[in-house]
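End of the sequence shown sits at 515 in the working numbering; the numbers just go up one at a time, nothing left out.
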Amino acid sequence: MQIGLAYAMSGEIESILKNTNAQLLETVSGVPVYEIEPGILAYAGGIGKVNAAMSAQLFIDRYHPDWIVNAGVAGSFLDLPIGTVVLADSFVQHDVDTSAIGDPVGLVSTVNRVEFPTDGLEQAEAILNRLGAAHRTGRVATGEVFMTKGARADWIAETFGAMLCEMEGGAVAQVCLRSGVKFTALKSVSDRLCQDNNAGEYFNFGEAMAKLNTIVLPFAQELLKQTT
Numbered sequence: 288m289q290i291g292l293a294y295a296m297s298g299e300i301e302s303i304l305k306n307t308n309a310q311l312l313e314t315v316s317g318v319p320v321y322e323i324e325p326g327i328l329a330y331a332g333g334i335g336k337v338n339a340a341m342s343a344q345l346f347i348d349r350y351h352p353d354w355i356v357n358a359g360v361a362g363s364f365l366d367l368p369i370g371t372v373v374l375a376d377s378f379v380q381h382d383v384d385t386s387a388i389g390d391p392v393g394l395v396s397t398v399n400r401v402e403f404p405t406d407g408l409e410q411a412e413a414i415l416n417r418l419g420a421a422h423r424t425g426r427v428a429t430g431e432v433f434m435t436k437g438a439r440a441d442w443i444a445e446t447f448g449a450m451l452c453e454m455e456g457g458a459v460a461q462v463c464l465r466s467g468v469k470f471t472a473l474k475s476v477s478d479r480l481c482q483d484n485n486a487g488e489y490f491n492f493g494e495a496m497a498k499l500n501t502i503v504l505p506f507a508q509e510l511l512k513q514t515t
């Protein structure tokens with residue numbers, strides 16, 4: 288059994304690397320891959336859907352994980368406190384639109400679905416509860432946009448019923464679906480899309496990420512224990 292922790296930015300994984308005996312295994316196509324401990328690997332795949340998809344497939348092909356846990360920061364459509372932990376129950380891709388030819392908004396061709404549910408939701412909830420990790424559960428919208436307050440953000444929240452918005456998770460979910468790898472995601476609120484200064488809030492994402500990483504590693508350890 289092997290679990291992969293999928294991050295976008297090196298800064299998001301930094302606190303785990305500093306507090307463990309993590310070893311860099313290799314850097315392939317700009318993607319650093321680390322062994323955090325036996326059975327748990329991590330990588331920083333880059334910002335945006337293309338980088339996320341490329342790095343997820345590269346990681347799957349080279350390391351054959353049984354489960355990928357996407358961890359990272361996200362903007363909240365709700366007025367949630369910065370650092371709120373959210374367990375994703377599903378993903379959508381808000382920037383996919385072939386409605387001009389009769390498809391529902393958000394339909395991803397080839398896999399022909401709008402929603403990408405996460406795996407083992409009840410199991411993940413139970414693990415977080417045992418860890419005493421306060422959290423919310425909700426849908427995450429992914430797209431190639433750093434979202435700010437405004438009409439577009441309002442449309443995404445209303446159209447897809449999303450709690451959070453970010454730039455990678457939906458792409459990783461799609462790759463995992465096509466590759467037959469289980470997928471879970473833990474997000475930390477870095478900024479609030481209901482605030483005028485959400486871009487300013489975002490630049491303190493390190494604090495939100497450090498808090499999340501205190502949960503991500505024990506979560507992965509428990510998941511590994513339960514599924515080995």
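Just so you know, even glycine gets a beta-carbon here, dropped at the ideal spot from N, CA and C. Remember, predicted model here, so these are calculated numbers, not experimental data.
CA-to-CA, the gap between alanine 309 and asparagine 485 works out to about 33 Å. Rounded to whole angstroms, the gap between the alpha carbons of arginine 439 and glutamate 409 is 32 Å. Secondary structure of threonine 429 (DSSP, three-state): strand. Taking serine 342 as the centre and dropping the five residues before and after it, the same chain places the C-beta of Val318, Tyr330, Gly332, Gly333 closer than 7 Å to its C-beta, in chain order. Annotation for lysine 336: no beta strand (DSSP E) segment contains it, though the alpha helix (DSSP H) segment containing it runs 336–350.
Given a length threshold of 4 residues, each whole run of the alpha helix (DSSP H) inside the segment 433–478 is given here in chain order: 438–447, 456–466. Counting only residues of its own chain and dropping the five nearest sequence neighbours on each side, isoleucine 300 has a CB closer than 7 Å to the CB of Tyr294, Ala329, Ala331. Alanine 361 is positioned such that its CB atom lies no closer than 8 Å to that of lysine 498. If you draw a 10 Å sphere on the C-beta of isoleucine 290, you find 16 or more other C-beta atoms in it, and that means buried. Contact check for alanine 495 against valine 476 passes: the beta carbons are separated by less than 8 Å. For the set Glu313, Ser363, Phe364, the Cα lying nearest the Cα of leucine 345 is the one of Glu313.
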